Amino acid sequence: MLSIIKSMSLQGLEGFLVDVEVDVSAGIPNWDIVGLPDISIKEAKERVKIAIKNSGYEFKSRKIVVNLAPANTKKEGPQFDLPIAIGILVAFEEIKRQDFSKTIFLGELSLEGQIKPINGILPMCIEAKKLGIKNVIVPKENAEEAAIVEDIEVIGVEELKEVVYYLNDEIYIKPTYVNIEELFMNTKEYQLDFSEVKGQENIKRALEIAAAGGHNCLLVGSPGAGKTMMVRRIPSILPDLSFEEALEVTKIHSIAGTLPQNVPIITTRPYRSPHHTVSISSLVGGGRIPKPGEISLAHNGVLFLDELPEFNKNTLEVLRGPLEDKKVTISRVNAALTYPCDFMLVASMNPCPCGFYGSKEKECTCTQEAINKYMNKISGPLLDRIDIQVEVMPVKYQKLKEDGQAETSKNIRERVNKARKIQIERYGNYGIYSNSQLTPKLIDIYCKIDSKSSKLLQIAFENLHLSARAYNRILKVARTIADLEQKENIEAKHIAEAIQYRSLDKKYFNN
Ligand SMILES: Nc1ncnc2c1ncn2[C@@H]1O[C@H](COP(=O)(O)OP(=O)(O)O)[C@@H](O)[C@H]1O
Ligand SMILES: [Mg+2]
Ligand SMILES: [Zn+2]
124 MLSIIKSMSL QGLEGFLVDV EVDVSAGIPN WDIVGLPDIS IKEAKERVKI
174 AIKNSGYEFK SRKIVVNLAP ANTKKEGPQF DLPIAIGILV AFEEIKRQDF
224 SKTIFLGELS LEGQIKPING ILPMCIEAKK LGIKNVIVPK ENAEEAAIVE
274 DIEVIGVEEL KEVVYYLNDE IYIKPTYVNI EELFMNTKEY QLDFSEVKGQ
324 ENIKRALEIA AAGGHNCLLV GSPGAGKTMM VRRIPSILPD LSFEEALEVT
374 KIHSIAGTLP QNVPIITTRP YRSPHHTVSI SSLVGGGRIP KPGEISLAHN
424 GVLFLDELPE FNKNTLEVLR GPLEDKKVTI SRVNAALTYP CDFMLVASMN
474 PCPCGFYGSK EKECTCTQEA INKYMNKISG PLLDRIDIQV EVMPVKYQKL
524 KEDGQAETSK NIRERVNKAR KIQIERYGNY GIYSNSQLTP KLIDIYCKID
574 SKSSKLLQIA FENLHLSARA YNRILKVART IADLEQKENI EAKHIAEAIQ
624 YRSLDKKYFN N
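Quick note on numbering: the sequence shown equals residues 124 to 634 in this note's numbering.
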């Protein structure tokens with residue numbers, strides 16, 4: 124007796140349909156799962172059997188074959204426990220036969236028959252809806268996340284027995300419903316706010332420009348200067364997250380299992396700060412059951428690399444491709460997965476090994492040679508992708524003591540939103556949305572400067588010994604500064620300010 128129960132699996136960020144075909148026949152008692160299941164699914168065999176028994180049903184001695192179709196696609200994850208158990212219970216005639224063609228089942232079983240939450244519910248349900256699925260039976264803890272997808276009926280369940288009763292019409296379970304608009308509008312608040320940062324007007328200004336133009340940036344300064352404090356607040360001044368962006372962020376965190384409890388949709392831009400000991404696969408993604416890495420968890424938000432020179436050179440090297448492509452491809456034995464990773468890179472570092480080179484508070488104890496070696500740890504190609512550099516000095520005690528509120532993130536974000544809107548409209552046809560993405564060709568078109576600016580740049584180049592690479596970065600940043608002022612043309616003062624954000628080239632990097 125064959126029963127077919129529908130379920131879902133994942134390939135990268137997308138869900139795909141899996142038919143769980145359960146065939147139970149009188150033959151030599153045996154039970155097997157076929158159709159390219161991975162180890163986690165093989166483990167399902169024992170779990171399902173014990174869960175069925177512990178839910179009070181007989182596990183009959185039959186020949187049972189479970190086939191996961193399509194057979195040629197690798198399937199991963201524990202979500203097939205529930206559909207397999209349902210298929211078997213239908214074949215055992217514990218559940219009445221019915222039309223299962225428009226229903227998907229997802230859930231891991233505990234040995235006691237409890238249904239445990241799984242990762243990736245949102246992308247699976249999004250795809251299910253596209254395929255015309257009408258009902259989804261999911262772990263109760265995942266029900267709100269599933270309900271983000273409109274026009275499918277979500278039934279959240281806690282126990283295998285409960286699902287059997289439900290399918291046999293012995294109990295009613297209220298479908299889960301969430302008001303997405305309300306959820307999205309009400310929770311767009313950031314926990315951390317720039318109003319908490321005293322002084323540091325010049326750094327805040329630089330970060331506002333970075334946020335407006337999507338520019339990667341580097342903060343150099345002594346320990347305690349406030350670098351981490353400010354960087355953690357950058358997501359709150361980035362342009363508002365659209366619903367589509369929020370959905371994309373949520374999909375990634377759903378798959379990675381990093382969705383906070385009771386948060387069906389992420390409504391604020393992510394902030395990730397992997398430690399410098401992070402492994403390459405945790406950073407870019409991968410693993411036995413592949414998961415998005417930190418760079419994808421930072422998608423549409425901020426990736427903060429604190430203490431940049433402490434990172435392994437190879438680790439930083441792998442960031443080059445993703446920084447350029449805004450997506451990362453992970454090769455697997457019989458497939459390649461792609462995850463998006465469009466993040467704003469923010470890095471911080473001390474100016475020298477002891478941390479106090481150039482500081483007014485404390486004497487630096489490093490030799491020039493040690494300082495050079497420290498700075499040289501940062502690879503040129505990475506530095507190449509950083510448009511804005513700033514030196515952070517600690518605020519004076521007096522400033523810290525002053526009350527008086529600094530400007531809120533919301534205020535700053537309003538200016539950023541306006542500047543970004545100009546860019547989106549200007550570059551609409553080119554498939555880019557911010558000044559940081561300008562190619563040399565587009566720089567020629569959109570970053571024209573007058574003779575006064577040109578003269579200014581020439582002087583800066585001679586005095587600061589700037590490189591040709593720095594030239595384009597200055598133009599891009601100047602474009603953003605002009606956009607913040609809603610100016611059509613780049614003016615000399617915009618250029619002058621942009622030049623400031625390269626002052627470390629000469630001081631530290633010989634770049
Ligand atoms: N401008 C500031 N306004 C308010 N508090 C500050 C400021 N700068 C530093 N602090 C305080 O000092 C602490 C240490 O700063 P932190 O951001 O960790 O420095 P860094 O990352 O540069 O070593 C912060 O958590 C904050 O409490
Ligand atoms: Mg810090
Ligand atoms: Zn030092």
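For each residue, glycine too, the CB sits at the ideal point set by N, CA and C. The structure presented is a predicted model; accordingly, all values stated were derived computationally and were not measured.
According to the neighbour-count rule (16 or more other Cβ atoms, all chains shown, within 10 Å of its Cβ), is residue i buried or exposed?
| i | result |
| --- | --- |
| GLN512 | buried |
| VAL157 | exposed |
| ASP274 | exposed |
| TYR462 | buried |
| ASN634 | For ASN634, the pLDDT reaches just 49, beneath the cut-off of 50, and the residue's location in the model is therefore unreliable, leaving the point undetermined. |
| TRP628 | Residue identity check: residue 628 is Asp in the sequence provided, not Trp. When all chains shown are included, ASP628 counts as buried. |
| PRO160 | buried |
| THR313 | According to the sequence shown, residue 313 is Tyr rather than Thr. Per the 10 Å Cβ criterion, buried. |
| PRO393 | buried |
| GLU492 | exposed |
| ASN534 | exposed |
| ALA591 | exposed |
| VAL456 | exposed |
| PHE366 | exposed |
Is any heavy atom of ligand 3 found at a distance shorter than 7 Å from the C-beta of residue i?
| i | result |
| --- | --- |
| PRO476 | yes |
| THR562 | no |
| THR438 | no |
| THR488 | yes |
| TYR313 | no |
| TYR317 | Per the sequence presented here, residue 317 reads as Phe, with Tyr not at that position. No. |
| TYR480 | yes |
Have a look at the DSSP bridge pairing and note the partners of residue i.
| i | result |
| --- | --- |
| MET131 | LEU140 |
| GLU514 | VAL343 |
| LEU232 | ILE238 |
| VAL147 | ILE187 |
| ASN258 | THR226 and GLU276 |
| ASN595 | Bridge partners of ASN595: none, in fact. |
| ASP507 | Note: ASP507 sits in no beta bridge, so no partner. |
| TYR462 | VAL451 |
| ALA266 | In DSSP, ALA266 forms no bridge with anything. |
| ASN153 | LYS186 |
| THR299 | VAL277 |
| MET467 | VAL425 |
| MET472 | VAL343 |
| LEU125 | ASP146 |
| TYR394 | VAL425 |
| ALA192 | ASP142 |
| PRO160 | LYS198 |
Would you mind working out which of the options sits nearest residue i, comparing C-alpha positions?
| i | options | result |
| --- | --- | --- |
| PRO415 | LEU439, MET516 and HIS376 | HIS376 |
| ILE403 | LEU439, LEU431 and VAL287 | LEU439 |
| ARG170 | GLN237, MET498, LEU159 and ASN190 | GLN237 |
| ILE418 | ILE303, LEU428 and LEU133 | LEU428 |
| ASP510 | LYS483, GLN623 and GLN609 | GLN623 |
| LYS176 | GLY255, LEU283 and VAL188 | LEU283 |
| ILE244 | LYS165, ALA333, GLN134 and LYS327 | GLN134 |
| CYS464 | LEU315, GLY481, PRO445 and GLY503 | PRO445 |
| ASN339 | GLN323, LEU442 and ALA605 | LEU442 |
| LEU364 | ILE332, THR310 and VAL343 | THR310 |
| VAL147 | ASP222, VAL188 and ILE128 | VAL188 |
| SER184 | ILE209, PRO206, LYS198 and ALA149 | ALA149 |
| VAL407 | LEU205, THR373, LEU460 and PRO387 | LEU460 |
| SER502 | LEU431, LYS564, ASN552 and ILE568 | LEU431 |
| GLY113 | TYR180, LEU140, LYS449 and PHE215 | It is not possible to answer for residue 113, since the shown part of the chain is limited to 124 through 634. |
| GLU324 | ALA251, GLU276, VAL515 and LEU607 | VAL515 |
| GLY347 | ALA251, PRO262 and PRO517 | PRO517 |
| VAL401 | LYS436, GLY380, ILE271 and GLU285 | LYS436 |
| PRO383 | PRO240, PHE223, GLU548 and LEU191 | PRO240 |
| GLN528 | LEU468, ASN552, LYS168 and PHE317 | PHE317 |
Using 7 Å as the cut-off, classify the Cβ of residue i as near or not near the heavy atoms of ligand 2, replying yes or no.
| i | result |
| --- | --- |
| SER471 | yes |
| ASP429 | yes |
**Q.** Residues with C-beta closer than 6 Å to any heavy atom of ligand 1, in chain order
**A.** VAL320, LYS321, GLY322, GLN323, GLY344, PRO346, GLY347, ALA348, GLY349, LYS350, THR351, MET352, VAL518 and LEU523
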